[in-house]
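Residues 1 to 185 (our numbering) make up the sequence shown, in order.
For glycine and all other residues, C-beta sits at the position ideal for the given N, C-alpha and C.
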Amino acid sequence: MMNRVQCGEWITRLRGGDVEAFDTLIERYGDRLYWHLRRIVVRHEEAEDLLQETFAQAFLSIASFRGDSESSLTAWLYRIATSFGIKSLRRSRATIFSSLDSVRGDLLASFNDEVEPSADEIVVRLQRAILALPTKQRLVFNMRYYDELSFEQIAEATGDSVSTLKTNYHYAAKKIKESVKKIEL
């Protein structure tokens, strides 16, 4: 983690088009943004493409970035990635459950009714419950739970109020809990 002065210098270098500083940006945020996008669009190839688009857009518009902290840079990058992810979802309108249904079916077929669910099956249940959420709730849940962003950072990335995000997160967590509980073997 950089201190405030180091971060300010790094952001200044980014704004100036310093390629090494941008390489550091990719190293620091590549995995986090990939998994954020992957939770939005599900498919690996699509998430990788969107990640490249995210960094390309960041590179092209870094000079206009007005933040001065790593927190604001994080929120700005998530806003770009989220925007690309949602646009992709709107374009594709593809059913995202088919691959999970086949995985779930294979897992369920390998268990009998008296066996406790395995960790893999629990993960499938959780993923299915998350994917069943409305887009906004799924996005907020993923950013808070998996990406460990604060509600303030999510608000900066999405443009929503903190109270709206907290409500969405609460409803998402409640729906996930209910969904995971009611799925039977």
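Asked: Tell me, please, whether the region 66-79 touches the region 130-137 by the rule of three or more beta-carbon pairs shorter than 8 Å.; Found: no
Asked: Mind checking Q6: buried by the 16 CB within 10 Å criterion, or exposed?; Found: exposed
Asked: What span of residues does the alpha helix (DSSP H) with E156 cover, start to end?; Found: 151-158
Asked: By a C-beta neighbour count over all protein chains shown, 10 Å radius and 16 as the cutoff for buried, is L14 buried or exposed?; Found: buried
Asked: Between which residues of its own chain and L136 is the CB-CB distance below 7 Å, once the five residues before and five after are set aside?; Found: According to the sequence as given, residue 136 is Lys; it is not Leu. Same-chain partners within the cutoff: N168.
Asked: Does F22 come within less than 8 Å of chain C when only Cβ atoms are used?; Found: Structure shown: chain C not included; a single protein chain is present.
Asked: When we look at the beta-carbon of G30 and count the other beta-carbons within 10 Å, is it buried (16 or more) or exposed?; Found: exposed
Asked: Measure the C-alpha to C-alpha separation of H44 and T54 and round it to an integer number of angstroms.; Found: 15 Å
Asked: So, for Q91: in the same chain, excluding its five sequence neighbours on each side, which residues have a beta-carbon less than 6 Å away from its beta-carbon?; Found: Sequence inspection shows Arg at residue 91; the Gln mentioned does not correspond to that position. For R91, where only same-chain residues beyond five positions count, there are no Cβ hits under 6 Å.
Asked: Could you give the distance in angstroms between the alpha-carbon of R38 and the alpha-carbon of A81?; Found: 11 Å
Asked: Output yes or no for whether 8 Å exceeds the beta carbon distance between V180 and R125.; Found: yes
Asked: To which residues of the same chain is R79 closer than 6 Å at the C-beta, ignoring the five residues directly before and after it?; Found: A157
Asked: Go to R79, then tell me how far its alpha helix (DSSP H) extends in each direction, as first and last residue.; Found: 70-92
Asked: Sorted by chain position, which residues of the same chain lie with C-beta nearer than 7 Å to A21's C-beta, five sequence neighbours on each side aside?; Found: W10, R13, L14
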